[in-house]
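Have a look at the structure below, then the notes.
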Amino acid sequence: MAVQPRLASSIDTSRAFATAAACALGAGARRMHAALRAGLLMLALLLVAARPCHAAALELPLLQAQDSEQGVMLTFETRFDLPAGVSEALQKGVALHFVATAEVVRPRWYWRDKRIAQATRLWRLSYQPLTFSYRVSLGGLSQTYRSLSEALRAVQSSAQWRIAEPLTGGDEGSCHLEFSYRLDTDQLPRPLQIGIGSQPEWNLRVDRTVSLSADNR
712 MAVQPRLASS IDTSRAFATA AACALGAGAR RMHAALRAGL LMLALLLVAA RPCHAAALEL
772 PLLQAQDSEQ GVMLTFETRF DLPAGVSEAL QKGVALHFVA TAEVVRPRWY WRDKRIAQAT
832 RLWRLSYQPL TFSYRVSLGG LSQTYRSLSE ALRAVQSSAQ WRIAEPLTGG DEGSCHLEFS
892 YRLDTDQLPR PLQIGIGSQP EWNLRVDRTV SLSADNR
């Protein structure tokens, strides 16, 4: 009579071990599957990076900076199309980051120029394969667009961007603004950063300096 409980206990223990082994194998298989998918994605991106490419064209038709009672206000507009390799990487799940940087600078003949203020804006553009749409994020806000052209327009410009306090203390009328806009390749996955190297189609960038106009305060 005492044998049956021991037999039942042995069976339960065997079942527990079998269940644990199955779970471990299942988890291992899932990890291998995830690693394989990640590896295939990186391989696809490296193949994209290795393709022949041409220099990207980025235009800056509008750049205006004004010192007003509300502060130093900046309005800009860029124009560009994504090169084939960049667009293909986006379609494969790589998010693109675009950065606009503005600095208010006062020239000094006797020393290095004085950096009075700096402001940065970062846009994140990603593709949503389930809905065949594009998402643009700026700060804590996001918006979805049906087409790539619509999404690009959202990251290519900014109006009445307040980049600094109103200039005072003799800085009024003596400063200029240094502006840059670029595709931030430092935000790309590390293998892709290595793969693209110095390929010109990933070098989406424009730099310009303009004088600060002042309103009649």
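Numbering (this note's numbering), first residue to last: 712 to 928.
Yeah, the Cβ is synthetic: ideal placement off N, Cα and C, and Gly gets one too.
Item: Does DSSP classify W820 as helix, strand or coil?; Value: coil
Item: Taking buried to mean at least 16 other C-beta atoms within 10 Å of its own C-beta, is L863 buried or exposed?; Value: buried
Item: Evaluate the contact criterion for the segment 906–917 versus the segment 865–878: three or more CB pairs, one atom per stretch, below 8 Å.; Value: no
Item: Does the beta-carbon of L751 have 16 or more other beta-carbons within 10 angstroms, so that it is buried, or is it exposed?; Value: Confidence at L751 is low in this model, with a pLDDT of 40, below 50, so its placement is unreliable and the value that follows should be read with caution. Burial call: exposed.
Item: Closer than 7 Å by C-beta to Q898: which residues in its own chain qualify, once you throw out the five before and the five after it? Chain order, please.; Value: H808
Item: Ignore the nearest five residues each way along the sequence and tell me which others in L842's own chain have a CB closer than 8 Å to its CB.; Value: The displayed chain sequence assigns Thr, not Leu, to residue 842. Excluding sequence neighbours, T842 sits near T855.
Item: Give me whichever residues DSSP pairs with G782 in a beta bridge.; Value: S779
Item: Could you pull the DSSP bridge partners for K825 from this structure?; Value: R817
Item: Using a Cβ-Cβ cut-off of 6 Å (strictly less than) and excluding sequence neighbours within five positions of R934, which residues of its own chain qualify?; Value: With the chain covering only 712 through 928, there is no way to say anything about residue 934.
Item: Going by beta carbon distance, what residues of the same chain come within less than 8 Å of V819, once the five residues before and after it are set aside?; Value: Checking the sequence, you will find Arg at residue 819 rather than Val. Excluding positions up to five away in sequence, the list reads K825.
Item: Which residues in the same chain as T920 place their Cβ atom closer than 6 Å to its Cβ, once the five residues preceding and following it in sequence are excluded?; Value: H887 and E889
Item: Of the residues Y845, L785 and T879, which one's Cα is nearest the Cα of Q775?; Value: L785
Item: On the DSSP letters alone, give me the boundaries of the beta strand (DSSP E) that S909 sits inside.; Value: Unbroken run through S909: none, as it is neither H nor E.
Item: According to DSSP, is T896 part of a helix, a strand, or is it coil?; Value: helix
Item: Is it right to say I874 is buried, meaning 16 or more other beta carbons lie within 10 angstroms of its own, or is it exposed?; Value: buried
Item: Just the C-alpha distance for S922 and R916, rounded to the nearest angstrom, thanks.; Value: 20 Å
Item: Alpha carbons only, please: which of E780, S885, E770 and L894 is nearest the one belonging to F787?; Value: E770
Item: Within its chain, find whatever has a CB closer than 7 Å to the CB of R817; leave out the 5 residues flanking it on each side and keep chain order.; Value: D824, K825, I827, D882, S885 and C886
Item: Between G782 and the rest of its own chain, which residues show a CB-CB distance below 8 Å, the 5 nearest in sequence each way excluded?; Value: R873, I874, A875, E876 and P877
Item: Please go through the same chain and pick out, in chain order, the residues whose beta-carbon is closer than 7 Å to the beta-carbon of P772, but skip the five residues on each side of it.; Value: E788 and R790
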